[in-house]
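Colleague: A single structure is presented below for examination.
Residue numbers (the numbering used here): 52 to 230.
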């Protein structure tokens with residue numbers, strides 16, 4: 052894991068938990084329940100956050116919500132695909148006609164969202180796709196916005212917003228860092 056010279060804590064574990072529960076409530080409220088609703092997390096941390104949102108929705112609504120993991124690596128335009136790649140997407144349900152909530156940790160330039168939409172449309176035609184993010188840091192290069200935002204966080208381009216989760220990093224927190 053990278054170490055940073057300067058760090059500022061933006062969210063601790065408790066704040067992250069409250070924020071994800073709020074997003075889950077907003078999703079269920081806006082959709083008036085869970086009919087045809089599916090949660091798909093963008094690998095890596097979007098999967099972890101998506102599972103937590105799904106769990107909160109299931110706890111509140113008493114209904115199981117289909118969940119999938121989306122690997123966008125083959126669809127990214129900012130890295131060169133030089134070798135054969137094993138797609139690690141795990142979506143065990145038909146997304147055609149479903150209301151997809153795409154979950155990611157940080158919304159920045161919008162390139163991850165574009166890649167995720169490309170990856171989804173290769174798997175079916177959802178009725179709708181909405182985006183849920185823990186942090187929206189601005190600096191968009193593509194015309195995307197999130198439907199559900201945990202925290203809007205104006206940042207400098209030189210700053211790094213890092214979402215850490217227990218499952219991936221040993222702790223839950225959001226920090227702003229500089230290398």
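Built from N, CA and C at the ideal position, the CB exists for glycine as well.
#1: Which two residues bound the contiguous alpha helix (DSSP H) that contains residue 76?
#2: Leaving out five residues before and five after residue 141 in sequence, what residues of the same chain have Cβ atoms less than 8 Å from its Cβ?
#3: Roughly how many angstroms separate the alpha carbons of residue 167 and residue 93, rounded to a whole number?
#4: If you pair each beta-carbon of the segment 72–85 with each one of the segment 101–121, do three or more pairs fall below 8 Å?
#5: Would you call the segment 162–180 and the segment 199–213 in contact, with 3 or more CB pairs under 8 Å?
#6: What are the partner residues of residue 224, as DSSP defines its beta bridges?
#7: Can you have a look at residue 89 and say buried or exposed, based on whether 16 or more other CB atoms are within 10 angstroms of its CB?
#8: Considering Cα atoms alone, identify which of 65, 181 and 195 is closest to residue 149.
Modeller: Looking at the coordinates:
#1: 64–81
#2: Hits under 8 Å: 119 and 120.
#3: 7 Å
#4: yes
#5: no
#6: 215.
#7: The residue is buried, with at least 16 neighbouring Cβ atoms inside 10 Å.
#8: 181
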